[in-house]
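Scroll down for the structure; my scribbles are underneath it.
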Amino acid sequence: MEKKVKCGSEVFSAPMEQILDRLQLFGEFEIKYFGDKVILEDPMERRDGMWIKAEEFDFGQLKWLLRFLYSSFYSINWPICDCLIAFYSSGYPLAKAEAYAALRKPFLVNELKQQHLLHDRRKVYERLEMFGIPVPRYALVNREVPYQELDYFVEEEDFVEVYGNRFLKPFVEKPVHGDDHSIMIYYPSSAGGGMKELFRKVGNRSSEFHPEVRRVRREGSYIYEEFMATGGTDVKVYTVGPEYAHAEARKSPVVDGVVMRNPDGKEVRYPVLLTPTEKQMARDVCIAFSQAVCGFDLLRCEGRSYVCDVNGWSFVKNSHKYYDDAACVMRKMFLDAKAPHLSSTIPPVLPWKVNEPAQPSEGLTRQGSGIIGAFGQSEELRCVIAIVRHGDRTPKQKVKLKVTEEKLLNLMLKYNGGRPRSETKLKSAVQLQDLLDATRILVPRSRPGRESDSEAEDIEHAEKLRQVKAVLEETKSPLGGHFSGIYRKVQLKPLKWVKVAKSNGEGEEERPIEALMVLKYGGVLTHAGRKQAEELGRYFRNNMYPGEGTGLLRLHSTYRHDLKIYSSDEGRVQMSAAAFAKGLLDLEGQLTPILVSLVSTDSSMLDGLDNASIEMDEAKGRLNEIITSGAKAVPGDGSSDTPWMVDGAGLPPNASELLLKLVELTKKVTEQVRLLAKDEDEKLAKTASYDVVPPYDQARALGKTNIDVGRIAAGLPCGSEGFLLMYARWRKLERDLYNERKERFDITQIPDIYDSCKYDLLHNAHLNLEGLDELFKVAQLLADGVIPNEYGINPMHKLKIGSKIARRLLGKILIDLRNTREEAISVAELKGNQDQSSKNGKEETEYHLKPHSKNEDGRRASFTSDMSVDQDDEDDKEIKYRLDPKYANVKTPERHVRTRLYFTSESHIHSLMNVLRYCNLDESLQEEDSLVSNSALERLFKTKELDYMSYIVLRMFEDTEQVALEDPKRFRIEMTFSRGADLSPLEKNDSEAASLHQEHTLPIMGPERLQEVGSYLTLEKMEKMIRPFAMPAEDFPPPTTPQGFSGYFSKSVLERLVNYWPFHKHGNANGR
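Numbering (UniProt numbering), first residue to last: 1 to 1072.
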């Protein structure tokens, strides 16, 4: 049974009826609906006794039809009209409408011929480029038949290449046919891989994630384009003529695929402001496709905007203000085209009355934070900045070995371009597979016997190769699984070379004969780490913002919450950020799409210790001297009231004795793990290694979501680590901690031993390793002294190291605070001007934010231009969305909160905290008090460890009523911190501890004050204390001019719109 075509459905849609009703109320127009019967069944064209039925009409012979209509006798039963609204939808006889337009020559709101372009995405992009409208970087793959092999198309694991144009994952795959809405996004292996399918909304879903799909489609023709990171937001722009553009934003389907709906079941969208550049793009799209009423999709990425789709006829839903505007604009179009003698001036009172729907309650209350106490009723939260450590992880590990095997040396040359003195990094699946194939051949099937000491080095070398093979096989399925490159990488560094004759006999060339192989692995976010991050995100949502959760979500959904999330490029840090975002924004689904959509990596700001490596080596050397000599902490400028001022503060007085105990207990635990690994090793020796490789589990890359109940029940280690790798971990710690031959301790292994103890106590308690509890206590005592002192042996040293490591981060924090202040002042000035205008009786005077636009002449008159976002500084790559108050059904559109989240590692948390608490020790600031109170300094000294999910939060409040704009006290900074994971369950035996043990997780400690209750830290004081240690603002890309409102528009704006329709001036298709 054929599907019935309904051509009139759009005409009778609610938005269309609202606009047409308003047009009719002007009293100048008669509205005629053609209806489905007329459109589909009439007319019947006749020529020399021949009748052509509409359903038999060949749409492909449009040119022939037009010539036929002009040269022959015909009759058409469609009503005669002056202005025609006709637009294509599925089943609509577009060519028939073209024939009517050619005969009657009505004014066309949307040109008909150009609508054919919209059915082919290739032609859409071609047209956009022809008019200079920015589009994402893309390439076309055209197939004449399904699955046709094309020599110009190459697909590899993490990219596709079209005519040499490479698209790295994530990339987007679109069918060329405009009516096919099955769009795919393919994710890189570094983020866990997989594919997300976008589709027309079905219920509350708009996309689905498929973790197992990694290969692109080949059954048709597709466009491949660069994925644009838009901060999880899509923008839809609606034009009504080239001078009017209305924009709405919604949650992008690429995030979690859940459609946000209001109580009426409608998708939640909110009007946002367009930049001057975007308004020009809207005008150009309108003209390029000759479509007055037109919708298109806009992507905002790294400070620039791109058009990724043009939909043709589209209207805004549920906006009475938009219906008013659209009716006024269309009225002027019609009168100018067909009755220019009539005035198109808008009457003083519009001929309809529309009762605007009641504005919903804001859901936000001005209430205290619950941390420092209730702040004043006149204070508004303006900014939240949080620096957060990643969640619980597996121990980080490293294997080093010198290799001379030809297969491995050839592999190094293969991936470094054949350069014998250049190192190679192997991280992709193809590279790691090559390495795995080589090690499988090189690793002996059974362990060699220990007949003599002379074979010790060979035995150790074989054991390390076996460890490399086991690590690589850990995430490689025998059935074509996938490496999780986010957590493992291999470096090959050439050490020795010789000259050999070239293969062609002409001269000599260098060949490496020895290289250092370094395999780094581990550090994987565990199921506990993911849970910690997600729960902390929920905690922030409910406690860091006014309104207890609903407040933040309301702000975010209405584009008054400016959220940016940054991460280092370590996998565990990225996944912690994604899990936190999931909890903060109440998202659903897998972490990969959330990570790619919402999290930006910035290794220069959140990674690396190179700038302070010399100073940290000095600190470790001094620590080693204090511990191994048995000396006590050396007094400095401190006293009994400030014990943290001495060298090596926090080290236990019996550190040298504890070190000996640490070696003894480490050997005890290692021997037990060796026995557990023995059976597993013997099985591997008897069986082909590929037969026992565990299946690929994507959760390893993304942070496991559940405990490995099956493995635990079977007496195996939790997670993906087998006994062989567990033994390798403990054996390396034992060897590195104390060199028996040289009788030398390495205190830098203390934090690693502590990490391993903590991990096994939490995740492998079921293995019942004897002495592990005692080892943990000893390691904790030593680590509590060693870890803080690795970042400086005394406060001055800590300040020096901290300022080097966190310099860029400190600079960015100051920029965040300054930008928030400038934006708040601009909004306050505007509000004051509008209030004054209201008092003086002026109606809707337009005000502009300072500083003024650099290109004021370039602003084109439009309804949205009255509230513009100036983006002339193209170097600012932060994406911004601003609510448009004229169209928003929101009570307080000026309320706005900026959130910046920085996810990093332990080093940056310690470094930042050291600058905050010791900045006043700098010579230029010695007359100043510390930013941190004395009581907080004492708590920090006793805290020692900043564990997983520890964080520092700066919140800025503005006193909007009681303090003048120029008063420094208008902006107040509140500082809090959390120690992160609570270790007490590992130290207790009560029921709560048993429950947490069973779940393999630890709760996160709540925030603590860094200031005294009632203290007042101004932004001015904060800047003064931090500026000497922060990267100067001029070293960063210049920020955008603060965004805000330039006044609500007046009706006179409509009257300034002239020469609406430039493409109707040329040619006479419509009889003008």
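Built from N, CA and C at the ideal position, the CB exists for glycine as well.
- As computed with DSSP, M975 is found in a beta bridge with L954.
- Going by DSSP, N934 is part of the alpha helix (DSSP H) stretching over 934-943.
- Annotation: the continuous beta strand (DSSP E) that includes D297 extends over 293-301.
- In the three-state scheme derived from DSSP, where H, G and I count as helix and E and B as strand, E267 is classed as strand.
- With contacts defined by Cβ atoms closer than 8 Å, I973 and L1019 form a contacting pair.
- With 16 or more other Cβ atoms from the protein chains shown falling within 10 Å of its own Cβ, Y88 counts as buried.
- With respect to the 8 Å criterion, R300 and V235 are classified as neighbours on the basis of their beta carbons.
- For V272, same chain residues with a beta-carbon under 8 Å away, outside a window of 5 residues either side, are V235, A247, E248, A249, Y559, Y881, R882, L883, D884 in chain order.
- For C83, the three-state secondary structure derived from DSSP is strand.
- Listed in chain order, the beta strand (DSSP E) elements of length 3 or more contained wholly in the region 376-407 are 379-389, 396-403.
- The beta-carbon distance between S978 and P1007, rounded to whole angstroms, is 5 Å. This is short enough to meet the 8 Å contact definition.
- R127 and K96 have their C-alpha atoms roughly 24 Å apart.
- Considering only A139, S182, D324, the residue with the shortest C-alpha distance to F26 is D324.
- Between Q18 and the set C328, K279, E129, the nearest pair of CA atoms involves C328.
- The beta-bridge partner set that DSSP reports for G312 consists of G295.
- Of the candidates R122, V213, E226, the residue whose Cα lies closest to the Cα of V172 is E226.
- Fewer than three beta-carbon pairs drawn from the region 717-731 and the region 912-928 are found closer than 8 Å, and the two stretches are therefore not classed as touching.
- Judged by DSSP secondary structure, S911 falls within the alpha helix (DSSP H) whose first and last residues are 906-918.
- For Y415, same chain residues with a beta-carbon under 7 Å away, outside a window of 5 residues either side, are T424, L426, Q431 in chain order.
- Annotation: the continuous alpha helix (DSSP H) that includes P985 extends over 984-987.
- Inter-segment contact for the region 166-185 and the region 560-576 is absent: fewer than three beta-carbon pairs are separated by less than 8 Å.
- Between Q291 and E111 the beta-carbon gap is near 7 Å, inside 8 Å, which marks them as a contact.
- Distance check between L409 and each of P340, P512, A326 places P512 closest, using alpha-carbon atoms only.
- Rounded to the nearest angstrom, the gap between the Cα atoms of P494 and L595 is 36 Å.
- Beta-bridge annotation (DSSP): N165 is paired with V162.
- Counting of Cβ neighbours within 10 angstroms places T404 among the exposed residues, the total staying below 16.
- In the pairwise beta carbon analysis, the region 955-967 is classified as touching the region 380-395: at least three pairs are separated by under 8 Å.
- Secondary structure of Y125 (DSSP, three-state): helix.
- Closest in C-alpha terms to V646, from the list M1025, H797, V573, comes H797.
- Under the DSSP definition of a beta bridge, Y238 partners with H246, G295.
- In the DSSP assignment, A470 falls outside any beta strand (DSSP E) and lies within the alpha helix (DSSP H) extending over 456-473.
- About 34 Å separates the Cβ atoms of G391 and S656, ruling out a contact at the 8 Å cut-off.
- In the DSSP assignment, M575 falls outside any beta strand (DSSP E) and lies within the alpha helix (DSSP H) extending over 571-584.
- At the C-beta level, L925 and G785 stay beyond 8 Å of one another.
- For E508, the uninterrupted beta strand (DSSP E) run begins and ends at 508-522, by DSSP.
- Between the region 754-772 and the region 432-440 there are fewer than three inter-stretch CB-CB distances shorter than 8 Å, so the stretches are not counted as touching.
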